[in-house]
Amino acid sequence: EAGVVQSPRYKIIEKKQPVAFWCNPISGHNTLYWYLQNLGQGPELLIRYENEEAVDDSQLPKDRFSAERLKGVDSTLKIQPAELGDSAVYLCASSLDIHNEQFFGPGTRLTVL
Amino acid sequence: GENVEQHPSTLSVQEGDSAVIKCTYSDSASNYFPWYKQELGKRPQLIIDIRSNVGEKKDQRIAVTLNKTAKHFSLHITETQPEDSAVYFCAASNPGSGYSTLTFGKGTMLLVSP
Chain U
1 EAGVVQSPRY
11 KIIEKKQPVA
21 FWCNPISGHN
31 TLYWYLQNLG
41 QGPELLIRYE
51 NEEAVDDSQL
61 PKDRFSAERL
71 KGVDSTLKIQ
81 PAELGDSAVY
91 LCASSLDIHN
101 EQFFGPGTRL
111 TVL
Chain G
1001 GENVEQHPST
1011 LSVQEGDSAV
1021 IKCTYSDSAS
1031 NYFPWYKQEL
1041 GKRPQLIIDI
1051 RSNVGEKKDQ
1061 RIAVTLNKTA
1071 KHFSLHITET
1081 QPEDSAVYFC
1091 AASNPGSGYS
1101 TLTFGKGTML
1111 LVSP
């Protein structure tokens, strides 16, 4: 089966610019997650979707970050405006539901200059 | 919330040796403990997991042990091979959120020298 797909794989922008990341989960997976992974650290959850509903976004910095999962399939994570400290890898993961294994995508490495 | 501590941060072994990575967690309600392997520039991949109703689980050269009383769990890799070199992350989650809200440790970089 195809895995979780993310694009772009790499993104370099200047601070204060907007940026968007896209994720296509494994077919049939209802739960979708966005994680932030800083260098030398473990992934940290930003937001979790159950179908199209954001059920856990307590760690999402809502002043500059937003996410959507229209139709409960693909998802987009946006940062506007980006700051230097946003440089990290943004991982998307999906699972059948909250009781099953999470499968990760390859991530998007963001560099903010 | 949950807090997961992982040690050591770096582990160097010779090929054929065993490697042990240890994690402790703070939330006694946690009951699901997966281990992920992440090769450089690649995605994290689940290699083994354990639920709180068992104390040990093995899969070929990999085993995980869980001590709920002490709130710690460990990953054991026997007969290490160079391709085992990667960063390993432990994680924990509690039943209130299913298995969805994983709290990860900071990772252990395992280096296996030929």
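Those sequence lines, one after another, are chains U and G.
Per my numbering, the very first residue in the first sequence carries number 1; after that it's consecutive.
Per my numbering, the very first residue in the second sequence carries number 1001; after that it's consecutive.
A virtual CB, placed ideally from N, CA and C, is assigned to each residue, including glycine.
{"Query": "Confirm, please, whether the CB-CB distance from U/TYR49 to U/PRO43 is below 7 Å.", "Result": "no"}
{"Query": "Output the boundary residues of the beta strand (DSSP E) element that contains U/VAL19.", "Result": "19-24"}
{"Query": "Looking only at C-alpha atoms, which of G/ARG1061, G/GLY1055, G/THR1080 and G/ALA1063 sits nearest to G/LYS1071?", "Result": "G/GLY1055"}
{"Query": "Run through the region 21-53 of chain U for me and flag every whole beta strand (DSSP E) of 3 or more residues, listed as ranges in chain order.", "Result": "31-37 and 44-50"}
{"Query": "How should U/ASP63 be labelled, buried or exposed, when 16 other C-beta atoms within 10 angstroms of its C-beta is the threshold for buried?", "Result": "exposed"}
{"Query": "I want to know whether the region 1014-1024 of chain G touches the region 11-30 of chain U - three or more CB-CB distances under 8 Å.", "Result": "no"}
{"Query": "Between which two residues does the beta strand (DSSP E) holding G/PRO1034 run?", "Result": "1032-1038"}
{"Query": "Considering only their Cβ atoms, is the gap separating U/ASP97 from U/ASN30 smaller than 7 Å?", "Result": "yes"}
{"Query": "State buried or exposed for U/TYR90, treating a residue as buried only when at least 16 other CB atoms are found within 10 Å of its CB.", "Result": "buried"}
{"Query": "Does DSSP put U/LEU96 in a helix, in a strand, or in coil?", "Result": "coil"}
{"Query": "Whole angstroms is fine: what's the gap from G/ILE961's alpha carbon to U/PRO106's?", "Result": "The structure shown does not extend to residue 961 of chain G, since chain G spans only 1001 to 1114, so no value can be given for it."}
{"Query": "Using only CA atoms, which one of U/GLU53, U/SER58 and U/ASP57 lies nearest to U/GLY72?", "Result": "U/GLU53"}
{"Query": "Quick check on DSSP: helix, strand or coil for G/ASP1084?", "Result": "helix"}
{"Query": "Name the residue from G/LYS1042, G/ARG1043, G/TYR1036 and G/GLY1001 whose alpha carbon lies nearest to the alpha carbon of G/ILE1050.", "Result": "G/TYR1036"}
{"Query": "Am I right that G/GLY1027 and G/GLU1005 are in contact with their C-beta atoms under 8 Å? What's the rounded C-beta distance?", "Result": "Before going further, note that residue 1027 of chain G is Asp rather than Gly in the sequence given. With 8 Å as the limit, G/ASP1027 and G/GLU1005 do not qualify as a contact, their Cβ atoms being about 12 Å apart."}
{"Query": "Check each candidate in U/GLU101, U/THR111, U/ALA93 and U/THR108 and name the one with the smallest Cα separation from U/LEU45.", "Result": "U/ALA93"}
{"Query": "Verify the CB distance criterion: does G/ARG1043 have a CB-CB separation below 7 Å to chain U?", "Result": "yes"}
{"Query": "In or out: G/ALA1091 buried (at least 16 other Cβ within 10 Å) or exposed?", "Result": "buried"}
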